[in-house]
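Undergrad: Residue numbers (the numbering used here): 2 to 310.
All C-beta atoms, glycine included, are put in the ideal place defined by N, C-alpha and C.
None of the values given here were measured: they were computed from a predicted structure.
Here's a structure for you.
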Amino acid sequence: MAIVETRSLTKRYNTFTALKDLNLQIEVGDVFGFIGPNGAGKTTTIRILSTLLAPTAGAAFIDGIDVTKQPYEIKKILGYMPDSFGVYDGMRLREYLDFFGAAYKIPAKKRKTIIDDVLALTDLNSKADDFVSAFSRGMKQRCCLAKTLLHDPKVLLLDEPASGLDPRARIEMRELLKTLQGMGKTILISSHILSELGDMCNKIGIIEHGTLLAAGDFREILNTLQQEREVRIEVLEGEDAAMKILEATPGVTSLERSGSEFNFVSQLDRIALANLNTALVTGGVKVLSFSQEEGTLEDVFLHVTKGGL
Ligand SMILES: Nc1ncnc2c1ncn2[C@@H]1O[C@H](COP(=O)(O)OP(=O)(O)OP(=O)(O)O)[C@@H](O)[C@H]1O
Ligand SMILES: [Mg+2]
Numbered sequence: 002m003a004i005v006e007t008r009s010l011t012k013r014y015n016t017f018t019a020l021k022d023l024n025l026q027i028e029v030g031d032v033f034g035f036i037g038p039n040g041a042g043k044t045t046t047i048r049i050l051s052t053l054l055a056p057t058a059g060a061a062f063i064d065g066i067d068v069t070k071q072p073y074e075i076k077k078i079l080g081y082m083p084d085s086f087g088v089y090d091g092m093r094l095r096e097y098l099d100f101f102g103a104a105y106k107i108p109a110k111k112r113k114t115i116i117d118d119v120l121a122l123t124d125l126n127s128k129a130d131d132f133v134s135a136f137s138r139g140m141k142q143r144c145c146l147a148k149t150l151l152h153d154p155k156v157l158l159l160d161e162p163a164s165g166l167d168p169r170a171r172i173e174m175r176e177l178l179k180t181l182q183g184m185g186k187t188i189l190i191s192s193h194i195l196s197e198l199g200d201m202c203n204k205i206g207i208i209e210h211g212t213l214l215a216a217g218d219f220r221e222i223l224n225t226l227q228q229e230r231e232v233r234i235e236v237l238e239g240e241d242a243a244m245k246i247l248e249a250t251p252g253v254t255s256l257e258r259s260g261s262e263f264n265f266v267s268q269l270d271r272i273a274l275a276n277l278n279t280a281l282v283t284g285g286v287k288v289l290s291f292s293q294e295e296g297t298l299e300d301v302f303l304h305v306t307k308g309g310l
């Protein structure tokens, strides 16, 4: 069941159309990577879903609730982390969380336990009594995520949570997202740090100029969009037979052999590749390994998007 859904969602700023008929579906438990170049419409979509911006046309639902009709109900089940955020001067982390906990109407008695939980989850225990305004960017980011988790939202919308983080902090962010996914939360995360989203997200949606170019399972998208990929075969016996079979296979180009290793660029689909493997084996070749170069998210991104604002 789709827990986040947009139907022909459209947003115009005066005459400029920032979102065009966006149809998005995110299932319960997904970590959905929302990817697109600058100005694609990611923040616009997230702000509409967070009830902060009214769409021009179309509709958006979270857990079946219409975001424009019941914004208050949406806020109860939604955690939104904006792409930029201010923190307050003169507030210690625990006070900051307590302040927002109160704003979410969490009873004072329960607040301490909940704050301890989110501090532990975001690994901020040791900072609980420090001033938020003195935190580094990465720590502020965590602190904002901790705040986002206070009311135990079902759905998290994180607008570029990894931007500005150092490599270690990014890995920690990824681990945290995994933990949250394990807790049953559905997460939408926008980014242009593509390679990272690859192992953070199970699904992706690629957006450009307010239009969704592709969406779905990360691997499937990679497979359908990558027409050409490099294949490497290593054989134990039967090199000459292998060479003959490969040379005779349409869709195998730039074939190179070095010893018992063969490299080529393949235009074959998955079935044809599997058949090629079978043909080698039945042709008497002892195949040691048969591997395709793993495509990266960057490849897909550059392939699908045209660039230009
Ligand atoms: N308040 C506004 N008034 C006019 N145009 C706007 C406004 N907010 C956004 N836009 C335009 O809408 C388009 C989409 O912007 P949006 O912020 O959603 O992009 P984004 O995908 O989040 O980009 P980025 O990766 O840079 O954060 C951009 O062309 C932007 O200039
Ligand atoms: Mg943005």
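(1) Just list the residues that DSSP pairs G217 with in beta bridges.
(2) Just list the alpha helix (DSSP H) runs in the stretch 31–111, keeping only unbroken ones of 4 residues or longer that don't cross its boundaries, in chain order.
(3) Terminal residues of the continuous alpha helix (DSSP H) containing T180?
(4) For F265, does the three-state DSSP call read helix, strand or coil?
(5) Which full runs of the beta strand (DSSP E) of 3+ residues lie inside the stretch 221–284, going along the chain?
(6) Specify which residues have a beta carbon nearer than 7 angstroms to any heavy atom of ligand 2, listing them in chain order.
(7) Nearest by alpha-carbon distance to N278: which of T250, E257 and R8 is it?
(8) Is there at least one non-hydrogen atom of ligand 1 closer than 8 angstroms to the beta-carbon of A163?
(9) Look at the Cβ atom of N39, then the Cβ atom of H210, and state whether they are nearer than 9 angstroms.
(10) Taking a contact to mean a Cβ-Cβ separation below 9 angstroms, would you say I188 touches F86 in this structure?
(11) In chain order, what residues of the same chain lie with their CB nearer than 8 angstroms to the CB of G165, ignoring the 5 residues before and after it?
(12) Beta-carbon within less than 8 angstroms of K287's beta-carbon, same chain only, minus the 5 sequence neighbours each way: which residues are those?
(13) Could you give the first and the last residue of the continuous beta strand (DSSP E) run that contains K287?
(14) Can you give me the C-alpha to C-alpha distance between E294 and V133, rounded to a whole angstrom?
(15) One question on the structure: do K321 and T212 come within less than 9 angstroms of each other, judged by their Cβ atoms?
(16) With a threshold of 8 angstroms, are at least 3 pairs of Cβ atoms found where one atom belongs to the stretch 147–155 and the other to the stretch 102–115?
(17) Considering only residues of the same chain and omitting the five flanking positions on each side of R169, which have a CB-CB separation below 7 angstroms?
(18) Please tell me whether V156 and G80 are closer than 9 angstroms, where the distance is taken between their beta carbons.
(19) If distances are taken between C-alpha atoms only, which option among G59, T44 and L122 comes closest to M82?
(20) Put F302 into one of helix, strand or coil per three-state DSSP.
(21) Alpha carbon to alpha carbon, how far is L256 from N264? Give it in angstroms, no decimals.
(22) Alpha carbon to alpha carbon, how far is I115 from D99? Give it in angstroms, no decimals.
(23) Quick one: residues in its chain with C-beta nearer than 6 angstroms to the C-beta of E386, no 5 flanking neighbours on either side, listed in chain order?
TA: Concretely, from the data shown:
(1) I205
(2) 43–50, 72–78 and 94–104
(3) P168 to G183
(4) strand
(5) 230–238, 253–259 and 262–267
(6) K43, T44, D84, D160, E161 and S191
(7) T250
(8) no
(9) no
(10) no
(11) R138, G139 and Q142
(12) V236, L237, E238 and G239
(13) K287 to Q293
(14) 45 angstroms
(15) Not covered by the structure: residue 321. The range shown for the chain is 2 to 310.
(16) yes
(17) none
(18) yes
(19) T44
(20) helix
(21) 6 angstroms
(22) 9 angstroms
(23) The chain is shown only over 2 to 310; residue 386 falls outside these bounds and no answer can be derived.
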